[in-house]
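In the numbering used here, the protein residues as written are 11 to 385.
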């Protein structure tokens with residue numbers, strides 16, 4: 011990967027969840043490399059919990075390894091404080107991390123339409139009409155385009171120097187990060203694992219996780235843990251949790267006393283204004299103890315960047331990121347434990363709780379013991 015003096019190393023960045031990594035994701039990486047001329051593609055991936063407001067289908071280390079085997083050159087972790095927020099802050103967190111990394115020159119994302127979505131200045135008026143945020147956010151944007159629009163807004167707000175490359179999605183398993191991955195997850199839960207929708211490294215990882223009873227996470231266990239937290243906390247304590255706005259904490263407190271299952275709990279809390287995704291993210295924040303104070307700590311500038319894995323032939327990226335970045339760059343959980351502060355404590359908690367949600371619960375402390383993945 012070494013460049014001659016004076017040469018410019020072009021690196022593309024992708025913000026994703028890979029939940030799980032499917033053929034559309036592989037095509038995205040391939041086309042990003044091909045059409046932008048990028049020598050390397052760095053993927054910034056959600057960790058143990060994803061933006062839909064639920065645990066990831068497979069653990070972050072298995073997903074990072076699959077992404078590296080299927081085309082990514084490096085995988086970074088998007089902190090849970092960003093992955094459990096609405097599209098606006100999910101995108102803003104990702105863009106800020108890439109800005110701070112100092113080496114990414116192109117932000118690549120997939121979208122549905124032919125033209126970039128139009129920003130809407132009248133959100134507050136549309137919300138007064140009773141529309142939930144996803145319906146009001148962008149009048150012309152299809153649901154899968156909302157993140158694309160938020161990436162653009164985040165780049166504008168942060169005065170990002172990155173260029174934009176967007177790829178039009180196509181096909182049943184290339185119709186968008188949420189829809190296609192959701193279909194795959196549903197099929198697996200119903201016993202019809204569509205391995206042909208996944209590149210071989212991802213299919214192999216999924217088979218391995220299923221065989222070890224490490225996927226998928228268990229709904230009943232999730233419900234019990236959330237309910238225990240919600241019942242034990244007062245409404246005042248719940249009010250400090252990230253996402254507790256406009257009385258949502260009171261709705262949860264009442265619902266937690268009545269609900270006998272996860273779907274019932276969600277349905278008792280959600281309303282026309284409180285979308286399902288918003289409620290689910292709030293429930294995950296309750297589970298993890300993610301507070302508004304955590305979001306304030308992450309506001310403006312993320313405190314660190316963590317690398318989960320890298321291709322062996324691209325290990326030069328490690329020193330490049332460490333030298334060029336505006337933030338501390340870590341490959342070791344042990345060092346992060348000493349220097350990562352409250353936000354890394356939250357990350358560790360997310361990983362440890364995630365392990366309790368699996369069919370065969372795993373040990374805690376994996377953020378401390380899992381080394382950098384090098385393939």
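By construction, the Cβ of each residue, glycine as well, lies at the ideal position given by its N, Cα and C atoms. Remember, it's a predicted structure, so these values are computed and weren't measured experimentally.
Open item on the list: Rounding to the nearest angstrom, what Cα-Cα distance links residue 73 and residue 43 in this structure?
Closed with: 20 Å
Open item on the list: I need the DSSP call for residue 121, collapsed to helix, strand or coil.
Closed with: In the three-state scheme derived from DSSP, where H, G and I count as helix and E and B as strand, residue 121 is classed as strand.
Open item on the list: Quick check: the Cα distance between residue 314 and residue 337, rounded to an integer number of angstroms?
Closed with: 5 Å
- [ ] Could you pull out every residue in the same chain whose Cβ sits closer than 7 Å to the Cβ of residue 272, ignoring the five residues on either side in sequence?
- [x] 229, 232 and 233
Task: Contact set for residue 312: own chain, Cβ-Cβ below 7 Å, skip 5 residues either direction - done: 89, 103, 106, 107, 110 and 337
Open item on the list: Taking the beta carbon of residue 60 as the centre, do at least 16 other beta carbons fall within 10 Å, making it buried, or is it exposed?
Closed with: buried
Task: Buried or exposed by the 16-neighbour rule on C-beta atoms within 10 Å, applied to residue 155 - done: buried
TODO: For residue 8, count neighbouring Cβ atoms within 10 angstroms of its own Cβ and tell me buried if that reaches 16, exposed if not.
DONE: In the structure as shown, the chain starts at 11 and stops at 385, and residue 8 therefore has no counterpart that could be examined.
Open item on the list: Does residue 64 pass the burial test, meaning 16 or more other C-beta atoms within 10 Å, or should it be called exposed?
Closed with: Within 10 angstroms of the beta-carbon of residue 64 lie 16 or more other beta-carbons, which makes it buried.
- [ ] Evaluate the contact criterion for the stretch 205-224 versus the stretch 161-181: three or more CB pairs, one atom per stretch, below 8 Å.
- [x] Judged by Cβ distances under 8 Å, the stretch 205-224 makes no contact with the stretch 161-181, as fewer than three pairs qualify.
- [ ] Have a look at residue 374 and residue 35 and give me their C-alpha separation to the nearest angstrom.
- [x] 30 Å
TODO: Would you kindly check if the distance between the Cβ of residue 252 and the Cβ of residue 295 is under 8 Å?
DONE: yes
TODO: Classify residue 221 as buried or exposed, calling it buried when 16 or more other Cβ atoms lie within 10 Å of its own Cβ.
DONE: exposed
TODO: Could you please give the first and the last residue of the uninterrupted alpha helix (DSSP H) stretch that includes residue 34?
DONE: 33-46
Task: For residue 224, the nearest candidate out of 100, 91, 52 and 369 (CA to CA) - done: Selected option, being the one with the closest Cα: 369.
Open item on the list: Just to confirm my understanding: we take residue 93, look at its own chain, exclude 5 residues before and 5 after, and list those with CB closer than 7 Å. What are they?
Closed with: 56, 57, 59, 60, 61 and 100
- [ ] Measure the beta-carbon distance from residue 472 to residue 343 and round it to whole angstroms, keeping in mind my assumption that it falls under 8 Å.
- [x] Not covered by the structure: residue 472. The range shown for the chain is 11 to 385.
Task: Residues bridged to residue 23 [DSSP beta-bridge criterion] - done: 52 and 117
Task: Same chain only: Cβ atoms within 7 Å of residue 113, ignoring 5 sequence neighbours per side - done: 21, 330, 331 and 334
- [ ] Taking residue 251 as part of the beta strand (DSSP E), name the residues at either end of that continuous run.
- [x] No beta strand (DSSP E) contains residue 251, which DSSP labels as neither H nor E.
- [ ] Along the alpha helix (DSSP H) that carries residue 108, what are the first and last residues, could you check?
- [x] For residue 108, the enclosing alpha helix (DSSP H) covers residues 97-111.
- [ ] Note down the Cα distance separating residue 184 from residue 26, rounded to an integer number of angstroms.
- [x] Since pLDDT at residue 184 reaches only 47, below the 50 mark, its modelled position is unreliable, and the value read off the structure follows with that caveat. Those two C-alpha atoms are separated by around 14 Å.
Open item on the list: Looking at the secondary structure, which residues open and close the beta strand (DSSP E) in which residue 316 lies?
Closed with: 315-320
Open item on the list: If I follow the unbroken beta strand (DSSP E) through residue 67, where does it start and stop?
Closed with: Residue 67 -> no beta strand (DSSP E), and no H or E assigned at all.
Open item on the list: Using the three-state DSSP reduction, which class does residue 172 fall into: helix, strand or coil?
Closed with: coil
Task: Terminal residues of the beta strand (DSSP E) in which residue 86 lies - done: 84-88
Open item on the list: Quick check: is any heavy atom of the ligand GDP less than 7 Å from the C-beta of residue 200?
Closed with: Judged by which ligands are present, the structure shown has none, so any question about the ligand GDP falls away.
Open item on the list: So residue 197 and residue 203 are supposed to be a Cβ contact under 8 Å. How far apart are they, rounded?
Closed with: 7 Å
Task: Option nearest residue 240 by Cα separation, candidates 48, 226 and 276 - done: 276
Task: Identified DSSP bridge partners for residue 383 - done: 319
TODO: Using the DSSP secondary-structure output, state which residues sit across from residue 178 in a beta bridge.
DONE: 121
Task: Beta-carbon proximity check, residue 341 vs residue 306, cutoff 8 Å - done: no
Task: Close Cβ partners of residue 131 (< 7 Å) along its chain, the five nearest in sequence each way excluded - done: Reliability of the predicted coordinates at residue 131 is poor, the pLDDT of 45 falling under 50, and no value is obtained from them.
Open item on the list: Three or more C-beta pairs under 8 Å: does that hold for the stretch 249-265 against the stretch 284-301?
Closed with: yes
Open item on the list: Tell me the rounded alpha-carbon separation between residue 11 and residue 171.
Closed with: Here the model assigns residue 11 a pLDDT of 48, short of 50, so the residue's position is not dependable, and the following value carries that caveat. Approximately 23 Å between the Cα atoms of the pair.
TODO: Would you mind working out which of 355, 266, 41 and 193 sits nearest residue 243, comparing C-alpha positions?
DONE: Looking from the CA of residue 243, the closest CA among 355, 266, 41 and 193 belongs to 266.
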